[in-house]
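>
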Amino acid sequence: MTFEEQITHNKRASLLLIFIFVLLVTFLGFLFGYAISGTPEGGFFGIIAASFLAIIFSTIVFWAGKDMIMGVSGAHKVDRRFNAQLSNIVEEMAIAGGTPVPEIYVIEDSAPNAFATGRNPQRSAIAVTTGLLDKLNRDELTGVIGHEMSHIRNYDIRYMLLIGILVGVVALMCDFVLRYSWRGGFALGRGRGRGAGSLQLVLLLLALVLAILAPLFAIILQFAVSRRREYLADAASVELTRNPEGLARALEKIANDREPLEAANRATQHLYIINPIKGLRQYERSSIFDTHPPIRERVRRLRSM
Amino acid sequence: MGTQTMVIIAAVVVVLLLILYFIALYNGLVRKRNTVRNSWSQIDVQLKRRYDLIPNLVEVCKGYMKHEREVLENVIKARTQAINVTGGAAEHAKAENYLTQTLRSLFAVAENYPNLKANENMLALQEELTSTENRISYARQHYNDNVLSLNNKIEIFPSNVVANMFGFNKEEFFELEETAERLAPKVSFT
């Protein structure tokens, strides 16, 4: 597939996943509300409650700024005096994409890696490790920077934040329902609501099963979206550089580097270009819990452009 | 409320929505056209950057390449020519490519002067020139991307209706016309 086709395909696939997510949240809201109150009106109230939760979460999460992430990762801000080539490459990618130039941060670590952060292109930043600067040539570095800037351009950081919020809402709702059922509060099972009988019981059972399984399903969905957006960033990087080989070689080099990135942890692993804590196994294998697609597949898709 | 009133209200709402949609289409076209114009002028910004770098380069080289006057002079002449070009994109492209070629000759000759190659100013200049060539290339690429986007909107239904109504014209791609010009690809001076 050409990079244009891959971009379209990835965008559609992630939209579909988001749609499934929203459906899931709405359905759970309705089901839980119905189960607790025994009435369809209660179901609609459940949906409203879910939306309300989502809005509150969003407001809280969106206040957290990029400074927090940079601090946690041990990155410090640099300007053109630090490394003219790095600053040049970032500006070149900004020209190719027609976006503002992000701030540049550097992490002192010999493990090569990079990440991008920022809710919109106007307030964004890219961090690279000194290891990345040492080990990649200009074309490879351009590919990596192109990938990171594509995350910014496609609002991936905001996208994944929203997904995280949806996951949190699902988890909270399910938790609430399970506690509520423990205390025996379901109106549905007691025939207090309209229409008693086996349908009620089935719905009640469904609500309980989903309350247990839905959080897991939500997390799997979250990882699926994350992988999809990584493929998208790869293709969008080629849209900027028109040079798939640069990024392909960079990915191979980074994957083969055996050093662990000390500043990375579970909370920030999804932000990097290659998952920094999963190690060499991620070249071939893929699991539904991976934030990033297997590198062999990423390289294959790049070389087929 | 009678059925007739409701039908009228529904019709009015539909018409209003259609109008809003067409306004959105029009605004989208305007934005794309302005983006195209802006990205065209951005190309000039990057070209100017190259013009500004060259005198520095010539100065640094002069000190080391005392017997290569012709090569240096060609670069200076090509630069002046490129700055003074009038005419359309094709003329500009020709002059720019000639300038690129003289620069390449300069760097090829510079290979014979190891002291010059190791000079820090020279290294910095090489990086800057590589970056400038890339920037020019990316600016042109971005311009073409924007032209494609605008032209698509102008041709595709339903925005083509609005485009025709308000006289939006397709823009031209920035293209290198002759094969000779095409043979001057991305330059790497390192």
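For the protein sequence lines, the chains are S and H, in the order given. Heads up: the first sequence at position 31 corresponds to 31 in our numbering, and the numbers run straight through without jumps. Position in the second sequence counted from 1, then plus 1000, gives you our numbering. Beta carbons: idealized from backbone N, C-alpha and C, even for Gly. None of these values were measured; they are calculated from a predicted model.
Determine the closest residue to L15(S) out of L302(S), S237(S), V225(S), with distance taken between C-alpha atoms.
Of the listed residues, the one whose Cα sits closest to L15(S) is V225(S).
> Does any C-beta atom of chain A lie closer than 8 Å to the C-beta of A1118(H)?
As a matter of chain content, chain A is missing from the structure shown, whose protein chains are S and H.
> Kindly list, in the order they appear in chain H, the residues whose Cβ is closer than 8 Å to that of R301(S).
Near R301(S) there are no residues of chain H at all, since even the closest Cβ is about 21 Å away, more than 8 Å.
> Which value, in whole angstroms, describes the spacing of the CA atoms of G97(S) and L201(S)?
Whole-angstrom Cα-Cα distance: 56 Å.
> Using a 10 Å radius around the Cβ and a threshold of 16 neighbouring Cβ atoms, would you call I107(S) buried or exposed?
Buried, by the Cβ-count rule.
> Could you name the residues of chain S that E1127(H) contacts, counting a contact when the two beta carbons are closer than 8 Å?
Result: A84, Q85, N88.
> For R192(S), does the count of other Cβ atoms within 10 angstroms reach 16, so buried, or fall short, so exposed?
Residue placement at R192(S) cannot be trusted, given a pLDDT of 49 that sits under 50; the coordinates are not used to answer.
> Along the alpha helix (DSSP H) that carries G1064(H), what are the first and last residues, could you check?
Sequence inspection shows Tyr at residue 1064(H); the Gly mentioned does not correspond to that position. From DSSP, the alpha helix (DSSP H) with Y1064(H) extends over 1003 to 1064.
> Which of helix, strand or coil does DSSP assign to K1170(H)?
Here K1170(H) sits in coil by DSSP.
> If we ignore side chains and look at the alpha-carbon of each, how far apart do T291(S) and H270(S) end up?
If I take the Cα positions, the gap works out to 6 Å.
> For L102(S), which residues in the same chain have their Cβ closer than 8 Å to its Cβ, ignoring the five residues on either side in sequence?
As written in the sequence, residue 102(S) is Pro, which differs from the Leu given in the question. Once the five neighbours on either side are set aside, the close Cβ partners of P102(S) are V90, A94, A116, G118, P121, S124, A125, I126, M149, I152.
> Along chain H, in chain order, which residues have C-beta atoms closer than 7 Å to that of E92(S)?
The contacting residues are S1131, N1134, R1135, Y1138.
> Got a sec, what are the start and stop residues for the alpha helix (DSSP H) A84(S) sits in?
A84(S) -> alpha helix (DSSP H) spans 84 to 97.
> What residues of chain H sit near I95(S), judged by a beta carbon separation below 8 Å?
The contacting residues are Q1042, Q1046, R1135, Y1138, A1139, H1142.
> Given L1029(H), which residues of its chain have a CB within under 8 Å of its CB, disregarding the five upstream and five downstream residues?
Taken in chain order, the residues that qualify are L1150, K1153, I1154, S1159, V1162, A1163, F1166, F1168.
> Expressed to the nearest angstrom, what Euclidean distance is found between the alpha-carbon atoms of A264(S) and L240(S)?
When rounded, the distance between both Cα atoms is 28 Å.
> Per DSSP, which residues does A114(S) bridge with? Please list them.
According to DSSP, which records beta bridges pairwise, A114(S) is partnered with V128(S).
> I want to verify the contact list: residues of chain S whose CB lies under 8 Å from the CB of S1039(H), in sequence order.
In chain order: G98.
> Is it right to say L1017(H) is buried, meaning 16 or more other beta carbons lie within 10 angstroms of its own, or is it exposed?
Exposed: under 16 other Cβ atoms inside 10 Å.
> Are the beta-carbon atoms of F1107(H) and N1144(H) separated by less than 8 Å?
Not in contact: F1107(H) and N1144(H) (Cβ atoms no closer than 8 Å).
> Express the C-alpha separation of R1135(H) and L1129(H) in angstroms, rounding to a whole number.
One C-alpha to the other measures close to 10 Å.
> Report the residues of the region 1091 to 1124 of chain H with a CB closer than 9 Å to any CB of chain S, ordered along the chain.
Hits within the stretch, in order: A1124.
> If you draw a straight line from the C-alpha of L1099(H) to the C-alpha of A1082(H), how long is it?
One C-alpha to the other measures close to 7 Å.
> What are the boundary residues of the beta strand (DSSP E) that includes A235(S)?
Where A235(S) is concerned, there is no enclosing beta strand (DSSP E), although the alpha helix (DSSP H) it sits in stretches over 198 to 241.
> Go to Y105(S), then tell me how far its alpha helix (DSSP H) extends in each direction, as first and last residue.
That residue, Y105(S), is in no alpha helix (DSSP H); its beta strand (DSSP E) goes 103 to 107.
> Kindly indicate the opening and closing residues of the alpha helix (DSSP H) around S75(S).
According to the sequence as given, residue 75(S) is Ala; it is not Ser. Taken as a continuous stretch (DSSP letters only), A75(S) belongs to no alpha helix (DSSP H), being part of the beta strand (DSSP E) at 75 to 78.
> In the DSSP assignment, what residue or residues form a beta bridge with Y272(S)?
Answer by DSSP bridge pairing, in chain order: F115(S).
> If the criterion is Cβ atoms closer than 8 Å, does the pair Y180(S) and I56(S) meet it?
Contact: no.
> Output the distance between the C-alpha atoms of T99(S) and E92(S), rounded to the nearest integer angstrom.
Rounded to whole angstroms, T99(S) to E92(S) spans 10 Å at the Cα level.
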